[in-house]
Each structure stands twice: as structure tokens, then as C-alpha cells.
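The C-terminal position of the sequence shown is numbered 530 in the UniProt record's numbering, with every residue numbered one higher than the one before it. The beta-carbon is built from N, C-alpha and C at its ideal position, and this holds for glycine as well.
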Amino acid sequence: MRKKRKIVFLCLILVWFCGTIYIFWDSLLGKPGTTHTKYDIKTLGLKRYINSYNEEDVQEPVRRHGFNILVSNKIPPDRTIPDARSPKCLSHFSGIPQFLPTTSIIIVFYNEARSALLRTIVSILKRTPEFLLEEILLIDDFSENIEDGSALVNLPKIKLVRNQNREGLIRSRVKGAKLAKGRILTFLDSHCEVNIGWLPPLIQRLSQEPRSVVTPVIDPIDKDSFDYEKLTEILRGGFDWSLNFRWEEQPIDIRKKDEIQPVRTPVMSGSAFSVQKDYFMSMGSLDTKMDIWGGENFELSFRIWMCGGSINIIPCSRVGHILRKKHPYRFPDGNVNTYLRNTRRVAEMWMDEYKRFFYAARPSSRMQTYGDLSERRNLRIKLKCQNFRWYLEHIYPQLQLPVSDELAYGHVKQGDYCLDLDPGQLPVITKIRLCSESKEAQDWSWRRKGIIVSNGMCLTSDPLVTHLYVVVQFCNYGDNQRWYRHEKQIVHESSGMCIDSYMANKGLVLADCDNSLDSQHWQLSVENSA
Ligand code: LR7
Ligand code: MN
């Protein structure tokens with residue numbers, strides 16, 4: 001009897017021992033990523049969530065997502081990444097004030113690699129003070145597999161919304177913004193890892209400066225090795241006339257001595273930004289008539305700066321983002337068409353007479369229809385925004401104007417009326433009509449040779465042949481097509497007479513020059529001084 005009890009006792013000890021070994025086996029072996037934390041894959045109950053890869057992934061691991069899916073799947077959701085901040089940030093942001101507002105984090109995704117999406121979420125849960133985190137809003141942009149999102153709804157703070165159609169990131173983000181409960185909105189791509197202490201510096205800055213947008217420094221995560229690369233220099237966002245975004249050095253003359261001070265940026269990269277919800281909504285959120293991807297960061301940046309706000313990069317806030325070379329997903333209308341269409345909306349809407357440089361750099365964008373802009377135009381009036389010339393002078397003086405042979409360009413105006421024409425049968429007599437930003441016939445280019453061109457035709461007058469009417473004809477660069485400026489007048493070189501609008505209902509004519517006549521006074525949108 002006693003012997004039997006002893007055996008049972010020994011068996012129990014054995015079970016206990018084996019159990020303990022089993023539970024701690026992973027950590028005893030010290031395998032990276034298999035230690036048990038609150039957010040490891042087993043504790044989360046998501047071991048089977050991570051994409052099982054297929055034969056094609058093994059052959060070409062980068063093709064489906066633009067980054068190496070095999071490597072991504074092996075990296076645990078709660079991995080440690082290097083703290084990328086300057087040591088100065090630690091003392092600066094040690095105590096977080098308790099009275100800061102909460103943020104809703106909005107992540108839109110389309111067919112995102114599950115391991116990357118999960119790492120984004122876990123990095124947020126791990127490195128964000130709970131009292132600042134209202135919710136994580138996942139907007140599934142109609143991904144092929146509904147479970148990409150639905151399997152995550154039991155994670156803390158998660159709310160999931162699924163689009164009924166593919167909407168693209170712009171409309172999806174605005175949808176998230178409308179649903180958000182937090183006072184502050186924070187947008188992130190679906191393949192990021194937020195770094196230690198990333199959020200408080202953003203929120204703190206917004207509390208001090210409510211009419212602004214702030215962004216973290218975006219550190220690259222390598223698409224093959226998934227190494228987190230700490231950027232040592234803080235760059236700012238810039239662009240060229242084809243509206244290509246690029247990172248560039250801060251100009252030396254405005255660079256701050258203290259490297260943790262906010263950095264003003266002419267444009268922001270797009271995702272990874274925080275803004276007060278009230279302010280974002282009152283400023284017109286994003287242009288929801290843009291499709292799929294691209295250009296919305298220019299639209300937002302120009303609008304914020306031109307309509308009284310500011311955009312700053314906050315060096316003590318760091319977020320990693322997987323840098324890929326191309327889009328892994330399909331664009332229903334093709335990626336080039338979509339980008340041209342979206343950026344053409346930006347140029348038409350915000351760049352005023354400077355849009356000509358965009359068209360010169362991207363002639364094929366003229367082939368794209370760009371939809372209705374009336375709602376945006378009303379917004380621009382309501383918000384009393386500055387013009388693009390102001391933006392170039394005050395926010396981005398570093399952007400060089402293309403070298404050109406233009407003396408002047410844009411509208412040729414008398415008050416609200418503009419030099420206009422009706423293309424059709426030749427000769428075309430010029431008129432004046434109410435100015436309109438979108439009418440190509442009102443867009444003139446005055447070249448150094450003295451010719452004034454619209455729609456590829458030259459402003460012409462011939463006292464004999466055209467009976468003093470000012471018309472447009474095919475360019476022949478003769479004396480009858482050359483003009484010069486005298487005071488406010490436009491003088492016809494061969495006759496010495498001036499363009500006059502006194503017979504405006506019939507058309508513009510040449511008349512003897514008299515600078516006291518308002519009907520001979522013309523303004524030009526942009527006159528180059530040189
Ligand atoms: O149809 C789509 N539906 C979507 O939901 C297409 C995309 N998306 C999602 C996608 O899953 C991703 O989460 O939208 C997000 C952005 O798409 P990406 O990752 O293909 O864009 P990107 O990294 O090439 O693009 C940058 O430029 C874009 C211009 O439209 C956006 O502004 C992106 O937010 C921007 N990304 C960054 O600025 C990197 C920093 C983000 C972080 C952290
Ligand atoms: Mn991205």
C-alpha cells in the first residue's frame with residue numbers, strides 16, 4: 001500500500017517536472033522570438049494566422065508583397081528594434097503629462113502580408129502608453145481574404161471596418177477619420193513598426209500647436225533582411241516639378257542647432273502623421289476624389305501650408321516603415337494613369353499659374369481627365385488660402401523655376417476679365433471674358449522673341465489684312481506677331497499701336513497708344529523680371 005502511494009507521488013513529481021520543462025523549453029533554449037511575452041504569437045493565439053507561404057513565395061519571396069515574405073514570417077510580432085532617438089530625447093520626454101488627449105490610430109490595408117500587419121499592431125500595443133491610445137481602427141480596403149482583418153478583432157483596442165469595394169488608401173483613410181473617437185488622428189501604413197516613445201512627442205506638439213500636422217521620422221526597414229535602419233540625419237520632404245516626392249537635406253541657413261527641434265517640411269511623405277481631428281476635418285480632410293494611391297500627400301501639404309497651418313517632422317518620434325521598390329498590388333486603371341490623374345488634380349487645384357511647369361514636366365498628364373474640383377475650389381475660398389506664389393516664396397524658396405524663354409505667362413487681364421479666344425475657323429478674333437483658372441484658351445505665354453502664344457497659336461495683327469483686329473494665327477514669327485511691353489500697355493511691334501478693349505463685344509483691336517486709357521492697361525499673372 002505504502003509502496004503504491006510512493007509510486008503515485010513519484011509519478012506526480014515526474015509530471016510536474018516534465019510540464020515545467022515543457023513550458024520553459026523555448027526560453028531554456030534561448031531561441032529568439034519564442035520567449036513568452038504578453039504579445040508573442042502563441043499568447044496572442046495567432047500562430048495559424050501568419051500566412052502559410054506557397055511554392056511561388058519560395059521561388060520568388062519578394063514578388064507578392066514587395067518584401068521578403070519568408071523572412072517577414074519568421075520575425076516575431078513583438079521583436080525588439082533599436083531605439084533610434086537621439087539621447088537628448090530621453091531627458092526631454094521623460095515625464096509624460098497625464099492630461100494629453102487620446103489618439104485613434106488609423107491603419108488602412110489591402111492584401112497586406114499578415115506578419116507585417118500584425119507586427120505593426122503589436123508594436124503599437126507594446127510601445128504606446130495605454131492612456132493615450134483610444135483605439136486602433138483597421139480599415140480593410142476589400143482585401144481578397146476577409147480573415148486578414150477579421151482574425152485580429154480580439155486583440156486589445158482593435159476596431160475593424162471592411163470596405164464593400166476597393167476604394168484606395170485616400171477614401172479609406174477619410175472613412176477612418178470620420179469614425180475615429182479620439183481627439184487626435186494618427187495614420188500609419190500597414191507595414192510599420194513604431195519605436196520606443198514614438199507617440200507623446202507628436203501629441204505634445206499638437207497640443208501646443210493645434211493648427212498643424214506632425215510626422216515622425218520614418219526610418220527604413222530593409223525589405224530583404226528586415227533590419228531597422230536608424231537614420232542619423234533628419235531629412236525633410238521636397239519635390240520636383242513633375243510632383244515626385246523626394247527626401248532632401250535641410251537647407252543650411254535654416255537648420256536648427258538643436259537636432260531634436262521640430263523640422264519644418266514643405267511636403268510630408270503621406271502616411272505616419274498625427275493631426276487634431278477637429279482641425280483635420282475643418283480643413284477638408286483629404287481629396288476623396290483621388291483614387292487608390294498617390295498625390296494626396298501633396299494636396300494635403302499645399303493645403304495645410306497655404307491655408308494657415310504648418311507641417312513639422314518631430315525628431316524624437318520614430319517609426320520604421322518597410323521600404324519597397326514598387327507597388328505589389330494592382331491598380332484598376334494602371335498605376336501611371338492613377339498617379340497622373342491624382343497629381344493633375346493637385347496641380348489644377350493648388351498650383352495656380354505654376355501648373356504649367358507640372359504640365360511641361362509631365363505632358364502626358366494632359367490626357368487624363370481629372371474630375372470635378374468645385375467642392376475643393378469652394379473650400380479654398382472658404383479657408384481664405386494664400387496662393388501658390390506665396391507658398392513658393394515662404395515655404396519652399398529652394399524649388400528652382402525651370403529655365404525658360406518666357407518673359408511672362410498666365411492670364412492677360414483687365415480686372416476680372418481675361419484675354420480669351422474661341423478656337424475654330426481662322427482667323428480667330430480674340431475677346432475678353434471672365435477669367436477662369438481651368439480655361440486653356442486664357443493661358444498665354446510671352447516668349448523672349450516677342451511672340452505671345454496660346455494653344456500653339458500666335459497673337460497677330462495686321463493693320464491691313466485683319467482690319468486692326470487682334471487675332472491668333474499659326475506662328476510665323478514675322479513682324480506682325482511680335483509685341484513688347486510699355487508701361488501697362490501691350491504694343492504691336494510693326495505698327496507701334498496698342499491692344500485696346502474698347503470694342504470688347506466685337507473683339508480686341510489695335511488703337512493708337514494712350515497710356516491714360518484703362519482699356520489699354522493689361523496685367524500679366526507672372527512677369528519674369530530678368
Ligand atoms: O488600394 C489601396 N488600398 C490600401 O488600403 C492601396 C494601398 N492601401 C494601403 C496599403 O496597404 C498601405 O497600408 O495604403 C497604405 C499605403 O500604401 P503603400 O504602402 O503602398 O504606399 P507607400 O509606402 O509606397 O507610400 C507612401 O506614399 C503614399 C502616397 O499615396 C501614401 O502617402 C503612403 O502613406 C506613403 N507611405 C509613407 O509615407 C511611408 C511612411 C508610413 C509609415 C510608417
Ligand atoms: Mn508603405
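Taking the C-beta atoms as reference points, Val319 is found no nearer than 8 angstroms to Ser225. When the alpha-carbon of Ser282 is set against those of Arg380, Leu117, Tyr339, the nearest one is in Arg380. Relative to ligand 1, the beta carbon of Tyr110 is positioned inside 7 angstroms of a heavy atom. For ligand 2, a non-hydrogen atom lies closer than 7 angstroms to the CB of Asp189.
Under the three-state reduction of DSSP output, Asp57 falls in the helix class.
In this structure, ligand 2 has a non-hydrogen atom nearer than 7 angstroms to the beta-carbon of His321.
Here the distance from the Cβ of Ser271 to the nearest heavy atom of ligand 1 is below 7 angstroms.
With contact defined as three or more Cβ pairs closer than 8 angstroms, the region 305-322 and the region 211-218 are in contact. Taking 8 angstroms as the cut-off, the beta carbon of Val453 is found no closer than this to the beta carbon of Cys435. Assigned with DSSP and collapsed to three states, Pro76 falls in coil, not helix or strand. If you look at His394, you'll find it in the alpha helix (DSSP H) that goes 388-394. If you draw a straight line from the Cα of Ser143 to the Cα of Leu459, it comes to about 55 angstroms. Per the Cβ contact rule, the region 259-277 is in contact with the region 174-192 (3 or more Cβ pairs under 8 angstroms). When rounded, the separation of the alpha-carbon atoms in Glu296 and Ile395 is 18 angstroms. In this structure, Gln400 keeps its C-beta atom at 8 angstroms or more from the C-beta atom of Cys418. Taken through DSSP and simplified to helix, strand or coil, Cys385 comes out as coil. Among the bridge pairs identified by DSSP, Lys431 is matched with Asp420. For the pair of segments examined, the region 126-135 was found not to touch the region 44-54: the number of CB pairs separated by less than 8 angstroms stays below three. Burial check for Ala360: the Cβ neighbour count within 10 Å stays below 16, so the residue is exposed. The alpha-carbon of Trp241 is positioned some 14 angstroms away from that of Arg389. Shown here, Trp522 sits in coil according to DSSP, grouped into three states, outside any helix or strand. In terms of Cβ geometry, Thr102 and Leu199 do not form a close pair [threshold 8 angstroms].
For ligand 1, no non-hydrogen atom lies closer than 7 angstroms to the CB of Trp247.
If you check the C-beta of Leu169 against ligand 1, you find a heavy atom less than 7 angstroms away. Per DSSP, the continuous alpha helix (DSSP H) segment holding Asn342 begins and ends at 335-350.
Phe187 sits in a strand when the DSSP states are folded into three classes. At a cut-off of 7 angstroms, the beta-carbon of Cys316 does not count as near ligand 1: no heavy atom of the ligand is closer than that.
The beta carbon of Gly197 sits no closer than 7 angstroms to any heavy atom of ligand 1. At least 8 angstroms separates the beta-carbon of Arg166 from that of Gly149. Gln489 is bridged by DSSP to His486. In this structure, Asp500 places its C-beta atom within 8 angstroms of the C-beta atom of Ala511.
In this structure, His492 sits near Ser461, with a CB-CB distance shorter than 8 angstroms. Boundaries of the beta strand (DSSP E) harbouring Glu135: 133-140, taken from the DSSP string.
Counting other Cβ atoms within 10 Å of its Cβ, Gln520 reaches 16 or more and is therefore classed as buried. Per DSSP, the continuous alpha helix (DSSP H) segment holding Asp278 begins and ends at 277-282. Of all C-beta pairs linking the region 342-350 to the region 247-254, fewer than three are shorter than 8 angstroms, placing the two stretches out of contact.
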